[in-house]
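All remarks here apply to the structure that follows.
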Amino acid sequence: MMENDKVGYKSARLQSLDETDKQTVNVWQQIGAKEPSAEANDVMRQNDNVGYMAATQMLADEVPTVNVWKQIGVQEPSDAAQQAMKRSDDAGYKSRLQLLAQKPFKPTSVWQ
23 MMENDKVGYK SARLQSLDET DKQTVNVWQQ IGAKEPSAEA NDVMRQNDNV
73 GYMAATQMLA DEVPTVNVWK QIGVQEPSDA AQQAMKRSDD AGYKSRLQLL
123 AQKPFKPTSV WQ
């Protein structure tokens, strides 16, 4: 029985495969890309920099207003309307009184 133990599965000496100091083969390094976990961490960090967790940004204190009417060189409609109403008031019933030329009053009589 002892002889059978030396040859079978109970053999005294273990035989190992070629165990040299090789680094494990990484497919991602072979193709020149980042590992998926590192790439996912980068994407999450980029999302944090853009989304609601991003640093607070101050807007400009005063935003310049763009006036279309000044750009095209035309009077603003509200100003034009005010001037039109003033001209209407100057010529209509609100206009200032104009006295007619005063002539000496001669009473006329029907009996003459």
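If you read the sequence shown in the working numbering, its first letter stands for residue 23, the second for the next number, and so on. For every residue, glycine included, the Cβ atom is placed at its ideal position computed from N, Cα and C.
In whole angstroms, what is the alpha-carbon distance linking residue i and residue j?
{"i": "Lys116", "j": "Gln104", "result": "15 Å"}
{"i": "Pro58", "j": "Asn69", "result": "16 Å"}
{"i": "Leu122", "j": "Ala106", "result": "27 Å"}
{"i": "Val72", "j": "Asp101", "result": "45 Å"}
{"i": "Ala113", "j": "Gln97", "result": "22 Å"}
{"i": "Leu119", "j": "Val132", "result": "32 Å"}
{"i": "Ala77", "j": "Trp91", "result": "38 Å"}
{"i": "Trp50", "j": "Gln93", "result": "58 Å"}
Helix, strand or coil for residue i per DSSP?
{"i": "Trp133", "result": "coil"}
{"i": "Lys92", "result": "helix"}
{"i": "Gln52", "result": "helix"}
{"i": "Lys128", "result": "coil"}
{"i": "Val85", "result": "coil"}
{"i": "Val79", "result": "First, the amino acid is wrong: residue 79 is Gln here, not Val. In this structure, Gln79 counts as coil in the three-state DSSP scheme."}
{"i": "Gln104", "result": "helix"}
How far does the alpha helix (DSSP H) with residue i in it reach, from first residue to last?
{"i": "Ser117", "result": "Careful: Ser117 lies outside any alpha helix (DSSP H) and carries neither H nor E."}
{"i": "Val65", "result": "Pro58 to Val72"}
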